[in-house]
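From first to last, the protein sequence lines stand for chains V and S.
Counting from 1, position 104 in the first sequence corresponds to residue 99 in our numbering; the numbering is continuous, with no gaps.
Counting from 1, position 112 in the second sequence corresponds to residue 92 in our numbering; the numbering is continuous, with no gaps.
Just so it is clear, CB atoms sit at the ideal spot from N, CA and C, and this is done for glycine as well.
Everything numeric in this text was worked out from a predicted model, so none of it was measured.
As structure tokens, the structure follows; a few thoughts come after it.
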Amino acid sequence: QQQVKQSPQSLIVQKGGISIINCAYENTAFDYFPWYQQFPGKGPALLIAIRPDVSEKKEGRFTISFNKSAKQFSLHIMDSQPGDSATYFCAASMMRKLQFGAGTQVVVTP
Amino acid sequence: SAVISQKPSRDICQRGTSLTIQCQVDSQVTMMFWYRQQPGQSLTLIATANQGSEATYESGFVIDKFPISRPNLTFSTLTVSNMSPEDSSIYLCSVASGTGSEAFFGQGTRLTVV
Chain V
-4 QQQVKQSPQS
6 LIVQKGGISI
16 INCAYENTAF
26 DYFPWYQQFP
36 GKGPALLIAI
46 RPDVSEKKEG
56 RFTISFNKSA
66 KQFSLHIMDS
76 QPGDSATYFC
86 AASMMRKLQF
96 GAGTQVVVTP
Chain S
-19 SAVISQKPSR
-9 DICQRGTSLT
1 IQCQVDSQVT
11 MMFWYRQQPG
21 QSLTLIATAN
31 QGSEATYESG
41 FVIDKFPISR
51 PNLTFSTLTV
61 SNMSPEDSSI
71 YLCSVASGTG
81 SEAFFGQGTR
91 LTVV
């Protein structure tokens, strides 16, 4: 049973547009919510992360919004660039063990 | 962040054989984990590699199939035993930093079983 649900499975966005990926979780014991970016043939790279006592975190063009009551969090990629084309995974951590979402393949068109 | 090196980066193996994957970290880390990423899929935690004691396996994974060693705070191995084509996956080593919750991944080992 997947503990972290991620959507959409894929999305296409034009250069300069906003990419939005959503995740939902059930287990309130999760205490850390990272996002990873993965390029083909590479391991996942930590992009940005948030704790449940914070509602929003921004790092450059990447923003996490977190809704603790709804048990949902999302990644916003502002001003999307072709170099952002990758697979993005949300995750939820408990005792440093990660449960991953299914992944979202993002394609940014020129 | 820690620098994580995995060997081999890829391999093609015959069914019924075993492959040992090495994970070397450039600094001492508290926790090391092994994940599997099946083709086109997400990542699933196999086990936590415990230094000085037996690994802790997640549901669906057993020691006989995936024996793990962790002789010190910078090194671990994962063996995929008696392989079948269903074991074809990317196997990833991950480490957690000593103070925070951040987890970092190696480049992975792409295994193909024929």
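- In this structure, the straight-line span from the alpha carbon of V:Asp26 to that of V:Met89 is close to 6 Å.
- Sequence-distant partners of S:Ser56 (beyond 5 residues in either direction) whose C-beta falls short of 6 Å from its own C-beta, in its chain, are Cys3, Met12, Ala29, Arg50.
- Taken atom to atom, the span from the alpha-carbon of V:Gln(-3) to that of V:Gly96 is near 8 Å.
- Neighbours of S:Gly86 in chain V, taken as residues at a C-beta separation under 7 Å, are given in chain order as Gly38.
- Counting along the chain, the unbroken beta strand (DSSP E) around S:Ile70 starts and ends at 69 to 76.
- Spanning the alpha carbons of S:Ser(-2) and S:Thr92 requires a straight line of approximately 12 Å.
- In this structure, V:Ile13 lies near V:Met73, with their beta-carbon atoms less than 8 Å apart.
- Per the Cβ contact rule, the region 35 to 50 of chain S is not in contact with the region 52 to 60 of chain V (fewer than 3 Cβ pairs under 8 Å).
- Excluding the 5 residues flanking it on each side, S:Val94 has same chain C-beta neighbours closer than 8 Å at Ile(-8), Cys(-7), Gln(-6), Arg(-5), Pro65, in chain order.
- As the crow flies, the alpha-carbon of V:Gln9 is around 48 Å from that of S:Asp44.
- Residue pairing for S:Arg90: DSSP places it in a beta bridge opposite S:Arg(-10), S:Ile70.
- The beta carbon of S:Ala83 falls within 8 Å of a beta carbon belonging to chain V, placing the residue at that interface.
- Distance from the CA of S:Ala(-18) to the CA of S:Val75, rounded to the nearest whole angstrom, comes to 8 Å.
- Bridge pairing for S:Gln2: S:Lys(-13), S:Thr57 [DSSP].
- Under the Cβ criterion of 8 Å, V:Arg91 is counted among the residues facing chain S.
- For the region 18 to 34 of chain S, the set of positions with a beta-carbon nearer than 8 Å to some beta-carbon of chain V reads Gln21, Ser22, Leu23, Thr24, Leu25, Thr28 in chain order.
- Note on geometry: alpha-carbon atoms of S:Tyr37 and V:Asn17 lie some 29 Å from one another.
- Identification of chain S residues near V:Gly98 by a Cβ-Cβ cut-off of 7 Å yields Ser22, ordered along the chain.
- Residue-level contact by beta carbon holds for S:Ala76 and chain V, with a gap shorter than 8 Å.
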